[in-house]
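A.B. asks:
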Amino acid sequence: MRDEKKPRCTVCRAGISTAGKRGRPALYCSRSCQARAYRQRKRPPVPAPESPAPPSGARSRRRRQIAEAVWRIAAERGLDAASMREIAAEAGVSLRVVQYHFGSKHQLLVAALHMLHRENERLARTRIHYDPANLRGVLSAMLDEFLPLDAQRAMALRVFSAYYARSLTDHAVAAVFLSDDHPLEDLVAGFIATARDSGQTSPGLDARREADLLVAAAVGLGGDVLHGRRTLDDVRATLDYHLSKIFTPAGGHPLRDGSTSAARTT
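Each residue of the sequence shown is one higher than the last, beginning at -4 in the numbering used here.
Structure follows, in structure tokens:
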């Protein structure tokens, strides 16, 4: 009977000797168990789902709902305002739901950025129509994707600006946002090289350099439109001016085959 009343360690359940001890009863049989208990208290609890895991379709929709909340906060107030509680409130869900779907704030920010990239690519494919006979129009349509021509593109541009500011101090975000790959510049350079090889541009044109200039100009000028420093018409005229210089063959006259609006919709 005495053994049954003997206190036991709350970690390993071993018996604790009370001989010669006064005061509050001991909770641990050794300093090792005391350290283990301390480490367990320091670990953040694994959030339990409020309900059984939803089907993949419902899970995907919920993740998208939360990511859209991140986009809205980033576009309106910047990523510094995007705490997990703020995101949950904006998404209309509990904090536990956000933690269940993404685990941590960093995981959520990175996932939301990837999702926005995929969404922009999907929408761009619906707006840009490839026409090998009018590569200038195709390029003009691609550059439009960096301009705030509608609410969706204006929001995306604001979100990317917020992520860029965050990437200056967050190396993990920078690794996603500032990838060593340059798929867009590579695509633009490929179109320019095709046009050059078919005689639509000057023979010695450096397609890669021209692509870098075009993309950088579109991104920067799009930001100016957001700030109200330039108008959309002025920015598009500037980009069209540079395209005219690119699409000038050896004869010295710009090619205007197909208007620049032929391959794009706004």
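Cβ atoms here follow ideal geometry from the backbone N, Cα and C, with glycine treated the same way.
1. Nearest to residue 117 by alpha carbon, out of 22, 137, 24?
2. Work out the CA separation of residue 108 and residue 135 for me, nearest whole Å.
3. For residue 241, which of 190, 225, 215 has the nearest alpha-carbon?
4. Could you spell out where the alpha helix (DSSP H) holding residue 176 opens and where it closes?
5. Is the CB-CB distance between residue 115 and residue 151 below 9 Å?
6. Assuming residue 132 is part of the alpha helix (DSSP H), what are its boundary residues?
7. State the Cα-Cα distance for the pair residue 31 and residue 4, rounded to the nearest angstrom.
8. With DSSP collapsed to three states, give me the class of residue 218.
9. Does DSSP put residue 10 in a helix, a strand or coil?
10. Please go through the same chain and pick out, in chain order, the residues whose beta-carbon is closer than 6 Å to the beta-carbon of residue 130, but skip the five residues on each side of it.
11. Would you report the Cα separation of residue 84 and residue 144, rounded to the nearest angstrom?
12. May I have the straight-line CA-CA distance separating residue 75 from residue 69, to the nearest angstrom?
13. So residue 234 packs on residue 213, CB below 8 Å; how close in whole Å?
14. Quick one: residues in its chain with C-beta nearer than 8 Å to the C-beta of residue 227, no 5 flanking neighbours on either side, listed in chain order?
15. Run through DSSP, which three-state label would residue 3 get?
16. Tell me which residue opens and which closes the alpha helix (DSSP H) that residue 241 is part of.
17. Is it right to say residue 71 is buried, meaning 16 or more other beta carbons lie within 10 angstroms of its own, or is it exposed?
18. Expressed to the nearest angstrom, what Euclidean distance is found between the alpha-carbon atoms of residue 223 and residue 62?
19. In terms of residue numbering, what span does the alpha helix (DSSP H) encompassing residue 60 cover?
C.D. replies: In this structure, then:
1. Stepping through the sequence shown from its first residue, residue 117 is reached at position 122. Nearest option by C-alpha distance: 137.
2. Here residue 135 is taken as the residue at index 140 of the sequence shown, counted from 1. Here residue 108 is taken as the residue at index 113 of the sequence shown, counted from 1. So the two alpha carbons sit approximately 25 Å from each other.
3. Taking the first residue of the sequence shown as position 1, residue 241 is located at position 246. Considering only alpha carbons, the answer is 190.
4. By one-based count along the sequence shown, residue 176 stands at place 181. From DSSP, residue 176 is part of no alpha helix (DSSP H); its letter is neither H nor E.
5. The count along the sequence shown starts at 1 and reaches residue 115 at position 120. The count along the sequence shown starts at 1 and reaches residue 151 at position 156. Yes, the pair counts as a contact, with Cβ atoms nearer than the cut-off.
6. The residue you call residue 132 lines up with position 137 of the sequence shown. That run of the alpha helix (DSSP H) goes 130 to 139.
7. Here residue 31 corresponds to residue number 36 of the sequence shown, with the count starting at 1. Here residue 4 corresponds to residue number 9 of the sequence shown, with the count starting at 1. Residue 31 and residue 4: Cα-Cα distance of roughly 12 Å.
8. As a working mapping, residue 218 is identified with position 223 in the sequence shown. In the structure shown, residue 218 sits in a helix (DSSP, three-state: H, G or I).
9. Walking along the sequence shown from the start, residue 10 turns up at place 15. Residue 10: strand per DSSP, three-state reduction.
10. Position 135 of the sequence shown, counted from the first residue, corresponds to residue 130. Once the five neighbours on either side are set aside, the close Cβ partners of residue 130 are 186, 190.
11. Along the sequence shown, read from residue 1 onward, the residue named residue 84 stands at position 89. Along the sequence shown, read from residue 1 onward, the residue named residue 144 stands at position 149. Cα-Cα distance, rounded: 29 Å.
12. Position 80 of the sequence shown, counting from 1, holds the residue named residue 75. Position 74 of the sequence shown, counting from 1, holds the residue named residue 69. In a straight line, the C-alpha of residue 75 is about 8 Å away from that of residue 69.
13. What you label residue 234 is simply residue 239 of the sequence shown in a count that begins at 1. What you label residue 213 is simply residue 218 of the sequence shown in a count that begins at 1. That belief holds up - the Cβ atoms of residue 234 and residue 213 are roughly 6 Å apart, short of 8 Å.
14. By 1-based counting over the sequence shown, the position of residue 227 is 232. Around residue 227: 142, 143, 144, 220.
15. As a first step, residue 3 is located in the sequence shown; it is residue number 8 there, counting from the start. In the structure shown, residue 3 sits in a strand (DSSP, three-state: E or B).
16. Along the sequence shown, read from residue 1 onward, the residue named residue 241 stands at position 246. Here the alpha helix (DSSP H) through residue 241 covers 227 to 241.
17. Within the sequence shown, the letter at position 76 stands for residue 71. Classification for residue 71: exposed.
18. Here residue 223 corresponds to residue number 228 of the sequence shown, with the count starting at 1. Here residue 62 corresponds to residue number 67 of the sequence shown, with the count starting at 1. Spanning the two alpha carbons is a distance of roughly 28 Å.
19. If you number the sequence shown from 1, residue 60 lands on position 65. 51 to 72 is the span of the alpha helix (DSSP H), which, as asked, contains residue 60.
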